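Have a look at the structure below, then the notes.
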Ligand SMILES: [Zn+2]
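Numbering (the working numbering), first residue to last: 56 to 154.
Structural data, given as structure tokens:
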């Protein structure tokens, strides 16, 4: 996976804000707030001189549930132009209202 950490955060935010997909939810309770991407610093876990890279975790702000991977399908959405889809849907709605 060749996405930078910033790009990973953006990809997760896009997924979580998209009304056409099922959002990423807490592993403890799916009624909790949607998971949010948080940068984790390897140095905090492995010491200052670690070679381990930082990563993005998905965190539940209600119960601190955390998963340290982002499902691959989330990145598929980064290539989708949601504004365009919304534009098309709105024009279809308008057409059916005009009838
Ligand atoms: Zn939770």
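Just so you know, even glycine gets a beta-carbon here, dropped at the ideal spot from N, CA and C.
The structure presented is a predicted model; accordingly, all values stated were derived computationally and were not measured.
Requested in this report: Anything with a beta carbon under 6 Å from a heavy atom of ligand 1 counts; list them all in chain order.
Outcome: Selection output, chain order preserved: 81, 83, 84, 87, 115, 117, 118, 120.
Query raised in the report: Who are the near neighbours of residue 137 in its chain, counting only those whose CB is closer than 7 Å to its CB and skipping five residues on each side?
Result: Excluding residues within five positions, the ones whose Cβ falls inside 7 Å are 73.
Query - residue 111 (DSSP reduced to helix, strand or coil) - result: Three-state result, residue 111: strand.
Query raised in the report: Which residues in the same chain have their Cβ closer than 6 Å to the Cβ of residue 120, if we skip the five residues on either side of it in sequence?
Result: Within the same chain, and ignoring the five residues on either side of residue 120 in sequence, the residues whose Cβ sits closer than 6 Å to its Cβ are 81, 82, 83.
Query raised in the report: Short check: CB of residue 75 to CB of residue 66, under 9 Å?
Result: Residue 75 places its beta carbon 9 Å or farther from that of residue 66.
Query raised in the report: Which partner residues of residue 93 appear in the DSSP bridge assignment?
Result: Partner residues in the beta bridge of residue 93, as assigned by DSSP, are 112.
Query raised in the report: Grouping DSSP H, G and I as helix and E and B as strand, with all else coil, what is residue 121?
Result: Strand, per DSSP.
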